[in-house]
Structures are given as structure tokens and as C-alpha cells.
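What follows is a short report on a single structure.
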Amino acid sequence: TSKQGRLDSFFSSS
Amino acid sequence: MLEARLPAASILKKIVESIKDLVSQANFDCSESGISFQAMDESNIALSSFLLRADGFDPYRCDRKLSLGIRFATLSKILKCAGNDDVVVIRYADDTDILSLVFEAPDNNRISEFDIKLLDISSEYLSIPEQEPECKVKMSSAEFSRICRDLITIGSSVVIDATKSGVKFSSTGDDGSGSILIKQSASVDGDGKAAPQTTVEMSEPVSLELSLKYLNNFTKAAPLSEYVVMNMTNDSPLMLQFDVSDIGYIRYFLAPQIKD
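For the record, the sequence lines run as chains L and V.
Under the numbering used here, the residues of the first sequence are numbered 1 to 14, in order.
Under the numbering used here, the residues of the second sequence are numbered 15 to 274, in order.
Next up, the structure:
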């Protein structure tokens with residue numbers, strides 16, 4: 001099984 | 015102030031149609047270099063962005079940086095009032111909360127003007143690292159749309175496996191599974207004109223599992239461009255780019271599904 005990742009765990013916010 | 019004259023309304027119509035179901039409202043950031051936009055969907059899974067360079071407009075004037083908060087449902091409704099071949103003039107006067115859109119019919123006998131109330135939106139920007147992807151695939155955008163449409167009948171996600179020989183899209187669901195392999199090609203049609211082709215450039219084979227619901231949403235941008243470019247790196251978000259003729263692009267980023 002797999003779960004949906006979130007973008008904020010890959011890109012930093014500024 | 016901003017004054018930007020776009021030769022064909024169809025470009026703006028297609029851009030808004032390809033974003034409005036992912037993002038409800040966002041800032042259009044205007045500067046000397048052009049108009050850009052970046053926004054995430056509410057669940058933080060997908061990011062949509064576009065850039066329209068100043069030289070795509072004639073004329074283009076923007077004397078300071080502006081963030082114009084737009085509700086996409088409103089903009090979409092108003093753009094439906096423009097003919098595809100109408101010229102669009104986008105105007106904003108400083109210190110107002112109104113964006114004006116003027117549509118000029120090609121014969122110049124019909125000029126319509128609409129004002130949109132702007133919103134005050136505080137937006138958060140993600141900084142996306144500029145790195146070479148492990149794999150870059152360029153393929154027909156119509157083919158990509160067809161694959162996403164076909165595979166969502168099987169499952170909710172697709173595994174994209176890119177190797178030197180081509181790209182394989184596979185999906186598995188409760189009732190079965192399916193896969194479509196697109197081979198790297200450089201075909202020439204009967205008239206000697208280059209037909210849409212698939213190219214794969216890579217430093218590493220890449221495998222990513224991605225939500226088909228989002229990918230199908232992104233394919234709404236396919237009418238803008240004959241090709242789509244997919245930048246893929248293992249365990250990283252997918253980047254999809256559709257060029258907007260030679261004046262800019264729409265980019266989507268999609269977080270991959272991660273093994274539990």
C-alpha cells in the first residue's frame with residue numbers, strides 16, 4: 001500500500 | 015498600474031480553464047517581466063503555476079510589482095463572454111480593487127468591458143529547488159491525456175516507469191490492471207513533417223506512483239500545447255510543463271504516493 005505525499009514535505013515555503 | 019494587451023483571448027481562456035478546478039482563488043503577480051501565478055490546492059498535494067512573459071503582450075506596461083487577488087470562478091465566467099479571437103486588454107489602476115478586462119472583436123465593431131472585484135489574498139510561496147531531473151520525458155499532450163483518461167477506469171493511481179526504451183504507465187484496481195507502454199520515437203508523417211514524438215532523456219531510470227485524479231485535472235492544459243514535458247526524479251514531485259505558444263508556460267507539481 002502507499003499513501004499520498006504532500007508537497008510541503010518536499011518544498012520549503014517562503 | 016498595469017496594462018497588458020493579449021492578441022487572442024483563447025490563450026487566457028484555456029489557462030483559466032486548466033487551473034480553476036485545482037485552485038479557487040490566488041494572486042496574479044505582475045512585474046516588468048510579465049504575469050505569473052503560483053498556488054497549491056487545499057490538500058497540499060498539487061501546485062499549479064504559470065508564467066506569461068511581457069513580450070507575449072503588445073503592449074505591456076507594469077511600472078511596479080503588483081499582486082492581484084483573483085477568484086477563478088469569476089474570471090472563468092467573464093472570459094466566457096470573450097470570443098476566442100478577441101483581443102484582451104487587462105487593466106489595473108493603482109490603489110483600486112478593480113481589474114478591468116476589455117474584449118475587442120477582430121472587426122473592431124464590438125468592444126466589451128468587464129470589471130472584476132479583486133480579493134485581498136495572503137499567499138504562501140513554495141520555493142522549488144532548481145535541480146536537473148533524473149529523467150525528462152517529452153511526449154504528445156493528446157497521448158498523455160488519453161493514457162490518464164484510460165487508466166482512471168482501472169485504478170486511482172498510476173505508476174510511471176521511465177527507462178531508456180520508453181515510458182510505461184501501469185494501474186491496478188480492485189477489478190484488474192492495465193498498462194500502456196509508449197516507446198521512444200521520432201516519426202515522420204507522409205508529408206515529411208515531424209509528427210508528435212516521444213523522447214526520453216535520463217541519468218537514472220525513474221519510477222513514480224501518482225494520483226490519476228490530479229493528472230486528469232492537469233490534462234485540461236493539453237489544448238494549449240502539442241507536447242507535455244514530464245520532469246521526474248525518484249521520490250520527488252513530478253513536474254509537468256505545457257508551453258503556452260512561445261510566450262510562457264503552465265507548470266504543475268504533484269507529490270508522489272509514498273510506500274507505507
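Heads up, the beta-carbon is just placed ideally off N, CA and C, and yes, glycines get one too.
Quantities reported herein were computed from a predicted structural model and do not represent experimental measurements.
Checklist entry - Residue range of the beta strand (DSSP E) that R6 of chain L falls in? => result As a working note, residue 6 of chain L is residue 6 in the first sequence. No beta strand (DSSP E) contains R6 of chain L, which DSSP labels as neither H nor E.
Checklist entry - To which residues does DSSP link K152 of chain V through a beta bridge? => result Locating residue 152 of chain V in the second sequence gives position 138, counting from the first residue. Looking at the DSSP assignment, K152 of chain V forms a beta bridge with V:T213 and V:V243.
Checklist entry - Can at least three beta-carbon pairs, one atom from the segment 62 to 70 of chain V and one from the segment 81 to 88 of chain V, be found at a separation below 8 Å? => result no
Checklist entry - Quick one: which chain L residues come within Cβ less than 8 Å of N58 of chain V? => result Here residue 58 of chain V refers to the residue found at position 44 of the second sequence. R6, L7 and D8, listed in chain order.
Next on the checklist: Are the CB atoms of S62 of chain V and A53 of chain V within a distance shorter than 8 Å?
Outcome noted: As a first step, residue 53 of chain V must be located in the second sequence, where it is residue number 39. As a first step, residue 62 of chain V must be located in the second sequence, where it is residue number 48. Closer than 8 Å, so yes.
Checklist entry - What number of angstroms, rounded off, separates the C-alpha of Y106 of chain V from the C-alpha of I135 of chain V? => result On the second sequence, position 92 is the one that residue 106 of chain V refers to. On the second sequence, position 121 is the one that residue 135 of chain V refers to. Y106 of chain V and I135 of chain V: Cα-Cα distance of roughly 17 Å.
Next on the checklist: Does any residue of chain L have a CB that is nearer than 8 Å to the CB of I168 of chain V?
Outcome noted: As a working note, residue 168 of chain V is residue 154 in the second sequence. It does not; no Cβ of chain L falls within 8 Å.
Checklist entry - Taking Cβ-Cβ distances below 7 Å as the criterion, which residues of the segment 244 to 272 of chain V are in contact with chain L? => result S250, P251, F267, A269, P270, Q271 and I272
Item to check | Cα-Cα separation between I272 of chain V and L238 of chain V, rounded to whole angstroms | outcome: Against the second sequence, residue 272 of chain V aligns to sequence position 258. Against the second sequence, residue 238 of chain V aligns to sequence position 224. Each residue's alpha carbon lies about 31 Å from the other.
Checklist entry - Any idea what DSSP makes of T233 of chain V, helix, strand or coil? => result Taking the first residue of the second sequence as position 1, residue 233 of chain V is located at position 219. In this structure, T233 of chain V counts as helix in the three-state DSSP scheme.
Checklist entry - Using a Cβ-Cβ distance under 8 Å, would L36 of chain V count as near chain L? => result The residue labelled residue 36 of chain V in the question sits at position 22 within the second sequence. Chain L contact via Cβ: absent.
Checklist entry - Distance, Cα to Cα, L133 of chain V vs V102 of chain V? => result Along the second sequence, read from residue 1 onward, the residue named residue 133 of chain V stands at position 119. Along the second sequence, read from residue 1 onward, the residue named residue 102 of chain V stands at position 88. Roughly 21 Å separates the two Cα atoms.
Item to check | Identified DSSP bridge partners for A96 of chain V | outcome: Locating residue 96 of chain V in the second sequence gives position 82, counting from the first residue. Per DSSP, none; premise fails for A96 of chain V.
Checklist entry - Who are the neighbours of I142 of chain V on chain L, taking C-beta pairs under 8 Å? => result Taking the second sequence and counting its residues from 1, one reaches residue 142 of chain V at position 128. Within chain L, the residues near I142 of chain V are F11.
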